[in-house]
Structures are given as C-alpha cells and as structure tokens.
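Residue numbers for the sequence shown follow my numbering, beginning at 6 and rising by one.
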Amino acid sequence: MNALPACPKCNSEFTYEDGGLYICPECAHEWSAQATADAGGDGAKVYRDAVGNVLQDGDTVTVIKDLKLKGSGGVVKVGTKVKNIRLVDSDHDIDCKIDGFGAMSLKSEFVKKV
Numbered sequence: 006m007n008a009l010p011a012c013p014k015c016n017s018e019f020t021y022e023d024g025g026l027y028i029c030p031e032c033a034h035e036w037s038a039q040a041t042a043d044a045g046g047d048g049a050k051v052y053r054d055a056v057g058n059v060l061q062d063g064d065t066v067t068v069i070k071d072l073k074l075k076g077s078g079g080v081v082k083v084g085t086k087v088k089n090i091r092l093v094d095s096d097h098d099i100d101c102k103i104d105g106f107g108a109m110s111l112k113s114e115f116v117k118k119v
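Listed below in structure tokens is the structure:
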C-alpha cells in the first residue's frame, strides 16, 4: 500500500488522494501532490513575489497594492520602492526599511521584484 504524506497543517495521518490533490478530512486542508514532491527536495523555503519571481536577501522590490499601516493610520502607496530586503521565516516574510515609515515587515504576496 502507498503511504500518503501526513497533512502539513494539522499532521493528521488520515489523508486521501483525489485526482492530483491530497485532502485532509480532519481540517479540510488541500494541497497538490506536486507541491509535496517539490518540498521534499532540499528543505529550504523558496520565497516568491506576487508574479512568481524568486526573491533573495538584498533584492529591491516595489509595493503592488496600497498597504494600510496598523496603529499609525498611514498608507504605503502602490509603487513604493523598497531596497535591500531581508527574508525571514514568519507570517510576514520580508523585513525592510521604507523611507518615511521606518522598519516594517511585509508579505511577499504584496510586492514585485524590480
């Protein structure tokens, strides 16, 4: 019998395959079989921007959406250039400094590599 991978979200062992997807009946998480095969390779996380470009430490990116700042009421406008980013393994994967705003964390889905 083929051993299916455990759910990456809740670690349930009761996953099943439906077409090209694995599905967890306990938490309803779905993921592709291809993603599981890719993740098993080198173990290093690959960070991608909104259009799929691979990001690295030190890259320059631009913001693709107005981002409201919590607490201060300011807005980081579309097209704001962010230089010398640092990738971190957390909910917001980019640490950076933005001129006029200071140090902050961004999600990679809201930036595009220059």
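Ideal Cβ placement from N, Cα and C applies to all residues, glycine included.
Name the one or two DSSP bridge partners that A108 has. Taking the first residue of the sequence shown as 1, we reach residue 108 at position 103. Answer by DSSP bridge pairing, in chain order: K102.
Do you know how far the Cα of K73 is from the Cα of G105? In the sequence shown, counting from the first residue as 1, residue 105 sits at position 100. In the sequence shown, counting from the first residue as 1, residue 73 sits at position 68. CA-CA distance, G105 to K73, rounds to 14 Å.
Could you check whether V66 and K87 sit closer than 9 Å to each other, using their CB atoms as the reference points? The count along the sequence shown starts at 1 and reaches residue 87 at position 82. The count along the sequence shown starts at 1 and reaches residue 66 at position 61. Looking at the sequence itself, residue 87 is Val, so the reference to Lys does not match. Yes, the pair counts as a contact, with Cβ atoms nearer than the cut-off.
For K75, which of E22, A33, M109, Y27 has the nearest alpha-carbon? On the sequence shown, residue 75 is found 70 positions in, with the first residue counted as 1. Per the Cα distances, M109.
Following the continuous beta strand (DSSP E) through V68, name the residue where it begins and the one where it ends. Mapped onto the sequence shown, residue 68 falls at position 63. Run containing V68: 66–68, per the beta strand (DSSP E) assignment.
Residue range of the unbroken beta strand (DSSP E) whose run includes V116: On the sequence shown, position 111 is the one that residue 116 refers to. Start and end: 116–118.
Short of 7 Å in beta carbon distance, which residues of its chain neighbour D64, apart from the five on each side in sequence? Order them along the chain. Counting from one through the sequence shown, the residue named residue 64 turns up at place 59. A distance below 7 Å between beta-carbons, with the five flanking residues on each side excluded, links D64 to the following residues of its chain, in chain order: I90, K118.
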